[in-house]
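Read through the structure below, which is laid out as structure tokens, and then see the notes.
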Amino acid sequence: MGSLFHVWELDLVPTVEEYTTLLRCPRIQVDKAYSRAVNVPRFLKKLMSITGMSEQWVAARIKQKGDSKCILWKNLRDLILAHPDVKKRFDIFALSIYGLVIFPKALGHVDEAVSDLFDRLDNGVTPVPAILAETFRSLNSCRKADEGRFIGCAQLLLVWFHSHF
């Protein structure tokens with residue numbers, strides 16, 4: 001298997017430590033990496049918990065996009081602007097950042113897998129290995145297909161790249 005990055009005979013691969021530094025996650029326990037659990041609560045229940053909204057409100061806004069369920073960013077944005085609970089507004093905003101910037105899958109939507117990761121961050125689980133793995137998976141997929149859209153945190157990869165050149 002070839003390397004993702006070869007520049008002047010150097011094998012450049014982002015490491016967990018580098019991404020941890022770039023994301024400023026040192027307070028999170030590095031030995032508690034995220035892995036998706038087999039029997040996770042449904043997307044509906046997680047969104048209810050994160051947003052503080054009713055089952056009816058959440059169910060009406062969940063959409064199927066390809067092979068996964070998502071919620072439209074516009075719905076989350078409206079909640080951020082109007083939710084009476086400041087902590088919930090912050091959580092919804094953070095969930096949106098994870099879904100739109102760090103793990104973008106469907107344009108303008110937050111994917112159900114993001115809610116699972118986000119839900120477990122309160123337990124001190126580090127998202128760094130998952131972010132790094134998604135970066136490798138997406139870059140490798142683009143390389144194999146010789147085309148395609150990078151689905152990962154392009155901004156973080158760019159910052160990492162600039163730190164090496």
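Take the sequence shown: its position 152, counted from the start at 1, is 152 in full-length UniProt numbering, and no numbers get skipped. Heads up, the beta-carbon is just placed ideally off N, CA and C, and yes, glycines get one too. Because the structure is a prediction, the values reported are computed rather than measured.
Asked, Found
"The beta strand (DSSP E) enclosing residue 181, as first and last residue numbers", "This structure cannot speak to residue 181, because the chain is shown only from 1 to 165."
"Best match in Asp119, Trp73 and Gln155 for proximity to Leu132 [C-alpha to C-alpha]", "Gln155"
"Leu47 - containing alpha helix (DSSP H), residue span", "Phe43 to Thr51"
"Length of the line joining the Cα atoms of Gly108 and Cys70", "10 Å"
"Buried or exposed by the 16-neighbour rule on C-beta atoms within 10 Å, applied to His157", "For the sequence presented, residue 157 should be read as Leu rather than His. Buried: at least 16 other Cβ atoms inside 10 Å."
"C-alpha gap between Ser138 and Ile50, whole angstroms", "28 Å"
"Residue of Val101, Leu79 and Ser96 minimising C-alpha distance to Thr135", "Val101"
"Of the listed residues Met48, Ile62 and Ala106, nearest to Asp91 (C-alpha basis)", "Met48"
"Residue nearest to Val114 in terms of C-alpha spacing, selected from Thr15, Val159, Trp57 and Cys153", "Cys153"
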